[in-house]
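For reference, the structure is listed below as structure tokens.
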Amino acid sequence: MRNFAIISQVLTTETDRAIWSLVIFLVVVFIGYLLMKFKVWRVITTGQLRSHRAQIEDILKQLYHVEAGGKSAGIIDLSGALRISDKKMLPLIEEMVSMDLIQTRDEKIILTEMGRDYALRIIRVHRLWEKYLSEKTGISKLEWHDRAEQKEHQLTREQTESLYEELGRPRFDPHGDPIPTEQGQVIEVKSVPLSGLRKGAAARIKHIEDEPEVVYKQIIAKKLHIGSQLKVIESDDKHVKFYSEGEEYSLPSIVACNISVMELSKEEIFEDSKVRLSSLDEGEKARILGISSECRGAARRRLMDLGFIKGTEIETEFNGPNKNPKAYKLRNTLIALRNDQADLILIEKESI
80 MRNFAIISQV LTTETDRAIW SLVIFLVVVF IGYLLMKFKV WRVITTGQLR
130 SHRAQIEDIL KQLYHVEAGG KSAGIIDLSG ALRISDKKML PLIEEMVSMD
180 LIQTRDEKII LTEMGRDYAL RIIRVHRLWE KYLSEKTGIS KLEWHDRAEQ
230 KEHQLTREQT ESLYEELGRP RFDPHGDPIP TEQGQVIEVK SVPLSGLRKG
280 AAARIKHIED EPEVVYKQII AKKLHIGSQL KVIESDDKHV KFYSEGEEYS
330 LPSIVACNIS VMELSKEEIF EDSKVRLSSL DEGEKARILG ISSECRGAAR
380 RRLMDLGFIK GTEIETEFNG PNKNPKAYKL RNTLIALRND QADLILIEKE
430 SI
């Protein structure tokens, strides 16, 4: 009996230990579950808050651009432009009215002063980030807009001002759009669509619109750059034909509308002798006039370090296959450049 009692006590002790181990295990699992659930919930709700704020900011920005173009928009217009359903748009509009960001008048939505200031802050971040991408990275210009669309909702005011200082306090983004100041002031740029120029008019490209993307790609494919001079050869309702940097171009009027230009003043002279280095044939000589403003950041510094400086004499020593790349001789040094690089160096050919 004594042995049986001892065995029973041992079994009871082991059973208690097993039960307590199971209880502790279940408690740990339950706590882990709660922590995981809280973490997931926090991630979801944080994402929802960010998405909600981004939608409000997108509406403000869209309204600003609409009003800047002298037009107005209603709920249906905004829903279509931003791809937000009417069902979701209506509560957003009601919330923005309560926040004193917008007003509704005759079924049209109008920015308040507070809403306009907010919109300009978002636009400031967007254009600064595009400037950053163009100056500090090698990312394709076709990606700048979409990346800035994401970043504009993320940077704090302090981060924005730090970026502004890092970039050297720029006034314009890489497309030629003015960057709003911290106080919400915007430089007024006097320009007209290229399609509106008369035959024989000489102008300088001031802005290239990056939306819609399909039109922007057509302009980029033509290698047209901000800062380039041009002279209109022909212009009608369907096409615009013009000359720029040694090349002749023809664009549909609907595409030319997305290029803004400013006519040259009486003091400015159209430099019809200014052409691109890529047009210099083997054995031809020229004088470098400068580097296009399209060439930025590290790429620009590299060309200058190699000696591509205004006033330097240059000669095409020999051509590669299909004339791309080419070997150029300057300062007794041979340097090979691809044509897309040489396109950004402007020259004046020596007369024979």
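In the working numbering, each residue carries its 1-based index in the sequence shown increased by 79.
The C-beta atom is built at its ideal place from N, Cα and C for all residues, glycine as well.
Here the structure is a predicted model, which is why all the values come from computation and not from measurement.
query	result
Alpha carbon to alpha carbon, how far is K230 from R381? Give it in angstroms, no decimals.	29 Å
Pull up the distance between the alpha-carbon of R248 and that of L212, whole angstroms please.	15 Å
Any idea what DSSP makes of S158, helix, strand or coil?	helix
Count the other CB atoms within 10 Å of the CB of L199; is the residue buried (16 or more) or exposed (fewer)?	buried
From what residue to what residue does the beta strand (DSSP E) around I172 run?	Note, I172: premise wrong, no beta strand (DSSP E); alpha helix (DSSP H) at 165-177.
Which of helix, strand or coil does DSSP assign to H318?	strand
Would you call L169 buried or exposed, if buried means 16 or more other Cβ atoms sit within 10 Å of its Cβ?	exposed
Could you have a look at R355 and say whether DSSP puts it in helix, strand or coil?	strand
Quick one, are the C-beta atoms of H232 and R132 less than 8 Å apart?	yes
Between which two residues does the alpha helix (DSSP H) holding A227 run?	220-230
To test your reading of the DSSP string, which unbroken beta strand (DSSP E) runs of 3 or more residues are found completely within the stretch 299-348?	308-314, 318-323, 326-331, 338-342
Kindly indicate which three-state DSSP category Q182 falls into: helix, strand or coil?	strand
Return helix, strand or coil for F117, following the three-state DSSP convention.	For F117, the predicted structure reports a pLDDT of 45, less than 50, and the residue's modelled location is therefore unreliable. A value from the coordinates is still provided. Note: F117 maps to helix in three-state DSSP.
Quick one, which of E392, D185, I338, L180 has its alpha-carbon nearest V271's?	I338
What would DSSP say about G279, mapped onto helix, strand or coil?	coil
Where M115 and L105 are concerned, what is the direct C-alpha to C-alpha distance, given to the nearest angstrom?	Any reading at M115 needs caution, since the residue's pLDDT is 46, under 50, leaving its predicted position unreliable; the model's value is listed next. The alpha-carbon atoms of M115 and L105 are separated by roughly 15 Å.
Quick check on DSSP: helix, strand or coil for P257?	strand
Leaving out five residues on either side along the sequence, give the residues of the same chain with a beta carbon under 7 Å from the beta carbon of L368.	K353, K389, L425, I426, E427
According to DSSP, is T239 helix, strand or coil?	helix
Taking the alpha-carbon positions, what's the A406 to A281 distance?	33 Å
Please tell me whether T395 and L423 are closer than 8 Å, where the distance is taken between their beta carbons.	no
Over the uninterrupted alpha helix (DSSP H) stretch that includes E209, give me the two end residues.	192-215
Can you have a look at A421 and say buried or exposed, based on whether 16 or more other CB atoms are within 10 angstroms of its CB?	buried
Does the Cβ of G194 have 16 or more other Cβ atoms within 10 Å, making it buried, or fewer, making it exposed?	buried
Run through DSSP, which three-state label would P272 get?	strand
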